[in-house]
Amino acid sequence: MELIKNTKIERNKDKTLDLSVVIPIYNEAKNVENLYEKLEEVLSKLDKSYEVLLVDDGSTDGTIDKLAEIRKRNPKYKVIQFRRNYGQTAAISAGFDYATGDVIVTIDADLQNDPKDIPRILKKMEEGYDVVSGWRKERKDPFLTRIIPSKVANWLVSILAGIHLHDYGCTLKAYSKDVVKNVQLYGEMHRYIPALA
1 MELIKNTKIE RNKDKTLDLS VVIPIYNEAK NVENLYEKLE EVLSKLDKSY EVLLVDDGST
61 DGTIDKLAEI RKRNPKYKVI QFRRNYGQTA AISAGFDYAT GDVIVTIDAD LQNDPKDIPR
121 ILKKMEEGYD VVSGWRKERK DPFLTRIIPS KVANWLVSIL AGIHLHDYGC TLKAYSKDVV
181 KNVQLYGEMH RYIPALA
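This is how it looks when you write it as structure tokens:
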């Protein structure tokens, strides 16, 4: 893992923000500016201190240059760069390691989930929940190869874990800091944090 030049992220556990947003990113050069605009439209209106951790998972399409531009414009945005692609779980885990917010929100960079949903899941967190999960209503995935297997996996995990979630695979989730600090992630386990927590 590397950090972008001149944007060293300090692991300052004494300084706590209200919110950290962790975004795993892989080959989204054409999308990150739109993502930034949509995030800022939402986050800037919140009455919360926040940071956004953009975790580049070894992109090869110039994403890192776009992220560096965003970082220069807005110091609330921090960039973590992997030398190669390690996968979404590793990217989320790195974001968790650097997050200083009391609440940590994860969201995909491809905008399958609308950042406008972030205030709704934060409102649920304020009701005392440790984990709040969104779900993808209009998935952009192939029906036979992604959606059907996902539905079967959600059903099985719900039965085995005893926790019913509509969409375990949805990255849009909010966690209390204490929940994610105690969960060790590997493989594709980021999907199952609600069951592990």
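Residue numbers for the sequence shown follow the UniProt record's numbering, beginning at 1 and rising by one.
Note that CB positions come from ideal geometry on N, CA and C, so glycine has one too.
Since the structure is predicted, the reported quantities are computational estimates derived from the model, not experimental observations.
Could you tell me the distance, in whole angstroms, from the CA atom of aspartate 117 to the CA atom of arginine 84? Locating residue 117 in the sequence shown gives position 117, counting from the first residue. Locating residue 84 in the sequence shown gives position 84, counting from the first residue. Straight-line Cα distance between these residues: approximately 31 Å.
Where do the ends of the alpha helix (DSSP H) carrying glutamine 88 lie? For the purposes of this step, residue 88 is taken as the residue at position 88 of the sequence shown. It spans 88-98 - the alpha helix (DSSP H) in which glutamine 88 sits, taken as one unbroken run.
Would the stretch 118-125 and the stretch 51-65 be scored as touching if the rule is three or more Cβ pairs under 8 Å? no
Per DSSP, what are the beta-bridge partners of serine 49 in this structure? For the purposes of this step, residue 49 is identified with residue 49 of the sequence shown, where counting begins at 1. DSSP output for serine 49 lists no bridge partner at all.
Paired residues, beta bridge with proline 119 - DSSP: Counted from its first residue, the sequence shown places residue 119 at position 119. For proline 119, which the question treats as bridged, DSSP gives no partner whatsoever.
What are the residues that DSSP puts in a beta bridge with glycine 101? Sequence index remark: in the sequence shown, residue 101 carries index 101 (1-based). DSSP output for glycine 101 lists Leu17 as bridge partner(s).
For lysine 76, I'd like the list of residues in its chain whose CB is within less than 7 Å of its CB, leaving aside the five on either flank, ordered along the chain. If you number the sequence shown from 1, residue 76 lands on position 76. Once the five neighbours on either side are set aside, the close Cβ partners of lysine 76 are Tyr50, Glu51 and Val52.
How is isoleucine 70 classed by DSSP in three states: helix, strand or coil? Within the sequence shown, residue 70 is the residue found at index 70, counting from 1. Residue state, collapsed to three classes: helix.
Can you tell me where the beta strand (DSSP E) with tyrosine 175 in it begins and where it stops? Reading the sequence shown from its first residue, position 175 is the one you call residue 175. First-last of the beta strand (DSSP E) with tyrosine 175: 173-176.
Starting from the C-beta of glycine 95, find all residues in its chain whose C-beta is less than 6 Å away, skip the five residues before and the five after it, and write them out in chain order. The count along the sequence shown starts at 1 and reaches residue 95 at position 95. Excluding positions up to five away in sequence, the list reads Val22, Leu53 and Val55.
Distance, Cα to Cα, glutamate 28 vs lysine 66? Looking up residue 28 in the sequence shown gives position 28. Looking up residue 66 in the sequence shown gives position 66. When rounded, the distance between both Cα atoms is 9 Å.
8 Å CB neighbourhood of valine 42 in its chain, flanking five on each side removed: Within the sequence shown, residue 42 is the residue found at index 42, counting from 1. Counting only Cβ-Cβ distances below 8 Å, and skipping sequence neighbours, we find Pro115, Lys116, Ile118 and Pro119.
By how many angstroms is the C-alpha of threonine 60 removed from the C-alpha of glutamate 40? For the purposes of this step, residue 40 is taken as residue 40 along the sequence shown, with counting starting at 1. For the purposes of this step, residue 60 is taken as residue 60 along the sequence shown, with counting starting at 1. For glutamate 40 and threonine 60, the distance between alpha carbons rounds to 25 Å.
Extent of the continuous beta strand (DSSP E) run through serine 133: Along the sequence shown, read from residue 1 onward, the residue named residue 133 stands at position 133. Its beta strand (DSSP E) spans residues 131-133.
Since alanine 109 contacts valine 32 with CB under 8 Å, what's their CB separation in whole angstroms? Your numbering for residue 109 matches position 109 in the sequence shown. Your numbering for residue 32 matches position 32 in the sequence shown. Indeed, because the Cβ distance is near 7 Å, the residues count as touching under 8 Å.
Starting from lysine 38, trace the alpha helix (DSSP H) both ways and give me its first and last residue. Counted from its first residue, the sequence shown places residue 38 at position 38. Per DSSP, lysine 38 belongs to the alpha helix (DSSP H) from 32-43.
Can you give me the Cβ contacts of asparagine 34 inside the same chain, cut-off strictly under 8 Å, excluding the 5 residues immediately before and after it? Along the sequence shown, one-based indexing puts residue 34 at 34. Excluding sequence neighbours, asparagine 34 sits near Leu111.
C-alpha gap between glycine 58 and lysine 30, whole angstroms: Position 58 of the sequence shown, counting from 1, holds the residue named residue 58. Position 30 of the sequence shown, counting from 1, holds the residue named residue 30. Taking the straight line joining both Cα atoms gives about 16 Å.
Residues that proline 24 bridges to, as DSSP identifies them: The residue labelled residue 24 in the question sits at position 24 within the sequence shown. Per DSSP, Val55.
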